[in-house]
Amino acid sequence: MRRSVQFRNPEQDGAEAGTAADGRRGGSARQPEPLRTEFSFELPRGYVDESGAVHRTGVMRLATARDELVPLRDDRVRENSAYLSVVLISRVVTRIGTVEDIHPGVIEDLFASDLAFLQDFYRRINAEGHTRAAVTCPSCDEEFAVNLAGGRLGES
-9 MRRSVQFRNP EQDGAEAGTA ADGRRGGSAR QPEPLRTEFS FELPRGYVDE
41 SGAVHRTGVM RLATARDELV PLRDDRVREN SAYLSVVLIS RVVTRIGTVE
91 DIHPGVIEDL FASDLAFLQD FYRRINAEGH TRAAVTCPSC DEEFAVNLAG
141 GRLGES
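Numbering (this note's numbering), first residue to last: -9 to 146.
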């Protein structure tokens, strides 16, 4: 299920047509970007299904409060708190390759590097709202942003 939500800027409500949000005429008011609720990613290694096919691309949606609360009642999480991330990731990943039935068993079968990638990806999209990271080139000190959503190892 895809959802897109667009929030209105309260400063623009009731503003006259052709008037910028700061009251100047003739300015064009920028439209706010719609809220992204789904983010594509590419796993560093890939999920290998029971037939041996490798699935690398996928989609993760934003987490809800329920997504973070429900796993706390899971017996596996109560017995081993490290299992929390497996259950939580399985709730928010909606697809890996052609696999759409994502459950804790699928996440358990990921390579450790792929699980670590998804944990970091989860933190970035839910806490920061994007998948970009600011980096500095060690050779020339140039600052730029890279997209951590995927690509091959060493790529962005």
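C-beta atoms are modelled at their ideal positions from N, C-alpha and C, and glycine is treated no differently. Keep in mind that this is a model prediction, so the values were computed, not measured.
Counted within 10 angstroms of its Cβ, other Cβ atoms place residue i as buried (16 or more) or exposed
i    : result
V33  : Note that residue 33 is Leu in the sequence shown, not Val. Answer is buried; the Cβ neighbour count reaches 16.
R51  : buried
E132 : exposed
G42  : exposed
P22  : exposed
R81  : buried
L25  : exposed
Residue closest to residue i, alpha-carbon to alpha-carbon, out of the options
i    : options                 : result
G104 : R35, E118, A117 and T88 : Strictly speaking, residue 104 in this sequence is Asp, with Gly absent from that position. Considering only alpha carbons, the answer is R35.
V155 : E132, N70, T27 and E23  : Because the chain here runs from -9 to 146, residue 155 falls outside it and cannot be looked at.
V38  : R114, L62, V67 and G95  : G95
E90  : E118, T47 and R113      : T47
I115 : R20, F29 and P24        : F29
L108 : V76, V125, A124 and H93 : V76
A106 : H93, G87, R56 and I79   : I79
R113 : R85, D65 and E58        : E58
8 Å CB neighbourhood of residue i in its chain, flanking five on each side removed
i    : result
C130 : none
N-terminal and C-terminal residue of the alpha helix (DSSP H) that residue i is part of
i    : result
Y112 : A102 to R113
Neighbourhood of residue i by C-beta distance below 7 Å, restricted to the same chain and skipping five residues each side
i    : result
C127 : none
D12  : Only weak support exists for where D12 lies, its pLDDT of 48 falling under 50; the value from the coordinates is given anyway. For D12, where only same-chain residues beyond five positions count, there are no Cβ hits under 7 Å.
L100 : Y37
Beta-carbon proximity list for residue i, same chain, < 6 Å, skipping 5 on both sides
i   : result
L74 : P61 and V67
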